[in-house]
Each structure stands twice: as C-alpha cells, then as structure tokens.
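Protein chains in written order, with the numbering used here: chain G, 16 to 181; chain S, 16 to 181. Scroll down for the structure; my scribbles are underneath it.
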DNA sequence: ACTTTTGAGGAACGGTCGTTCTTGACTGAT
DNA sequence: ATCAGTCAAGAACGACCGTTCCTCAAAAGT
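Structure (structure tokens):
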C-alpha cells in the first residue's frame, strides 16, 4: 500500500558516490544532494536517515562496486606491474577521500576503509605470493599515485622497477 | 603608535598548521581557531584576511618548515630505503589533507601542493640518480603509506625491495 | 468508493558558519 | 596632556547548514 517511489535507490546511491568522491564530505551539502540526486529532502531522510547515513551507504556501495571487483581482478594478476596498473586504473575517489578526510573523524568510516584496504592487500599478497606488508606497501603506493593524479605515468615507472622483485 | 599585538604571529600560524593538518579545512571552524590560537576574531581577520587566507599561509608555512627541510635532507640520501624512511617519518599531515581535500576545489592550493611535491621528487631524483618519474612514484608511495598510517612498518618493507634497484 | 499508507513538495526550524560592526582600552608620538 | 592609531572584546550580521514539520497527491487494501 502507499505511493511508489519515483526514484531508483541504486541510482541515487551511485550518484552520491560520485558526489562524495569528487568533493569532500563537508563540501557536499544536503541541497546539492537534493538537486543532483533528484530526490526530495524528505525522501532522502526517510530512506537514508541522515547525511552521514547516506555517506556510509555510499561508501559501502563504493567498496562493494569498485574496490571488491578490484580485489578479485587482482587475484588473477601474476606480476607487480599488472597489479599496480589495476589499482591505479580503478576508481578509488571516494575511498581516498574517506581515508584522508573522514576516517580520522569517524571511526565507522575508518573501520570500513581499513577493512577494504586489508582485503586489497590480501588479494595482492595471495596473487603475487609476497608478504602482506609488501602488498600493503603496493596498495599504499597506488593510493599515493592516485592522490597525485598519476602524472606522466608514474605508476608504470614504479611497476617496471618492481617487476623483477616478485 | 598604536597598541602592540598580544600574540606571536609565527606561533599562531604554526598552531594553525597543526589544526588544519589534523582536521579537514571545513572541519576547523573560526571559533575553534579563535579558541586554540588564542587570537581574537578581529585580529585574526585583520592579520590574515580570511579563513582561506590563514589556511594558505599555514599551508605555505608547512611547506617551508616541514617539506623543504625534507627535500634538503633527501639530497643527502644515497639509497631508496633512506629516502623512503625520511619521507614517511616527516610530518606531512597538512600537505596530505591539502592534496586530497582542498586541491580539487582550490587551484591555488593545488599549485602549492604540486610545486612542493615536484621539489621533493627532484631532490630524490638528484640524490639517487634516478628518473623524476620513478622519484615521483617514490614520493607518491610515501604519501600513500603516510595516508594508511604506516601499519606494521610497511614503508620499510617496500624500501627493502627497492634498494637493489638504484 | 473509501480508507490508509506512503512519498512528494516546500516552508520552516534552531544552530552554526564565516564575516563585520561597534565600543573601549592601550600605547607611541606630539 | 592630548591625540591618533592599533588592538582587544564581544555582540551581531546574513547566509547556509542538517534536519523536521505540515500538507497534499498518489496508489494499494478492504
């Protein structure tokens, strides 16, 4: 019973991922969300509870849609160059911002981020047969490269030097 | 003529570096700045113009006090392990947050960050005799490791594997 | 057809944001 | 001693923040 929703919840969450991944959490206002997501304020709060609630859902969606597939693709990688290229090519905007900006202030965000990164680490370690510490370093390196916007194919330069080390 | 300042501008800027380096730009309010810096609102605006003005000054101070010395120390490094340890040990909180959070929204911040990172890259490249692309990758890797909080000495693990490559 | 439930629509809330204004105290120069 | 100029102090500003309330339209169950 009752009226049906005029919006697709999945599309809305995906759009929120893009918004939060582009600007910081505090840089995206409810008004912007209402406009860009095409969802009324009321429905937004009814559906997601709060701005932070929507952010957490968007973050989990980002991890499920963008980070977990990356970890699965990494399982098929056989050398560091491929692994690094996979990580730097992935869309990790929201993860990056969450780690740098929200994680220090929101321990639930910090836990999600840490778990996701640990999963990527493990996937790399298993695929390449290296220690998790070195795998974590590769993940961190990829994040740093992504943070810098990968100027002049820096990622490939590092990957080339890492290759013989597997 | 006129009354003398009751605060030390250098101390205030340093304190602002700590504040902005710990929380995000939008996470630090003027009220917090007034309380923690011990400077009255009025004096703050008289001296620094605006919140963004203070942020830019704090960022430049951070780059001058914390990043440039790092680049100079890097000039004396002879291997990647030392270089990486120097970078991960440095206080780069504000630089990291500026790169992730403010640079996409403030091109003046983006320019400062890019210039500072390029200087670090060049210092590493000169010291180790490697390409600037690889040096940029090392800097990026160090930033990523710093972003993750360097769990379990990840930095040293990467450095150990990078050493034979110089 | 009528009731009931739910979403859409938009105004409005208190609070906090960055910024400015007004007032008065202090200090160096005349 | 007086004046001029700077700083301190705090109230106050309009704008915007995240959130809630109230009302009406739409659709499912009886």
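Every residue gets a Cβ at the ideal spot worked out from N, C-alpha and C, and that includes glycine. From a predicted model like this one, the values you see are computed outputs, not experimental measurements.
Contact list for residue i against chain G, beta-carbon separation under 9 Å
i, result
"residue 176 of chain S", "145, 149, 152, 177 and 180"
"residue 33 of chain S", "Correct list: empty, because the minimum Cβ distance to chain G is about 13 Å."
Partner residues on chain G for residue i, Cβ-Cβ distance less than 8 Å
i, result
"residue 68 of chain S", "Going along chain G, no residue has its Cβ under 8 Å from residue 68 of chain S, so there is no contact; the nearest lies around 19 Å."
"residue 53 of chain S", "Residues of chain G passing the Cβ test: none, with the nearest at roughly 24 Å."
Residue from the options whose Cα sits closest to the Cα of residue i
i, options, result
"residue 24 of chain G", "G:18, G:67, G:72 and G:35", "G:72"
"residue 173 of chain G", "S:161, S:146 and S:165", "S:146"
"residue 29 of chain G", "G:68, G:56 and G:76", "G:76"
"residue 175 of chain S", "S:96, S:20, S:34 and S:100", "S:96"
"residue 68 of chain G", "G:108, G:121 and G:144", "G:121"
"residue 163 of chain G", "S:78, S:118, S:103 and S:165", "S:118"
"residue 99 of chain G", "G:139, G:79 and G:33", "G:139"
"residue 61 of chain S", "S:20, S:87, S:107 and S:88", "S:20"
Chain G residues whose Cβ lies nearer than 7 Å to that of residue i
i, result
"residue 41 of chain S", "39, 41 and 42"
"residue 114 of chain S", "162"
"residue 120 of chain S", "38 and 42"
Chain S residues whose Cβ lies nearer than 9 Å to that of residue i
i, result
"residue 170 of chain G", "152 and 155"
Beta-carbon gap between residue i and residue j smaller than 8 Å
i, j, result
"residue 202 of chain G", "residue 135 of chain G", "Because chain G here runs from 16 to 181, residue 202 of chain G falls outside it and cannot be looked at."
"residue 50 of chain G", "residue 22 of chain G", "no"
"residue 132 of chain G", "residue 103 of chain G", "no"
"residue 52 of chain S", "residue 31 of chain S", "yes"
"residue 152 of chain S", "residue 169 of chain G", "yes"
"residue 105 of chain S", "residue 81 of chain S", "yes"
"residue 27 of chain G", "residue 34 of chain G", "no"
"residue 108 of chain G", "residue 156 of chain S", "no"
"residue 59 of chain S", "residue 74 of chain S", "no"
"residue 149 of chain G", "residue 92 of chain G", "no"
"residue 101 of chain G", "residue 90 of chain G", "no"
For residue i, the first and last residue of its enclosing alpha helix (DSSP H)
i, result
"residue 93 of chain G", "From DSSP, residue 93 of chain G is part of no alpha helix (DSSP H); its letter is neither H nor E."
"residue 123 of chain G", "122 to 143"
"residue 56 of chain G", "56 to 63"
"residue 25 of chain S", "24 to 37"
"residue 70 of chain S", "66 to 77"
"residue 47 of chain S", "45 to 52"
"residue 159 of chain S", "147 to 163"
- Query: At a cut of 8 Å, does the region 35 to 45 of chain S reach the region 106 to 118 of chain S through at least three beta carbon pairs?
  - Reply: A contact exists between the region 35 to 45 of chain S and the region 106 to 118 of chain S.
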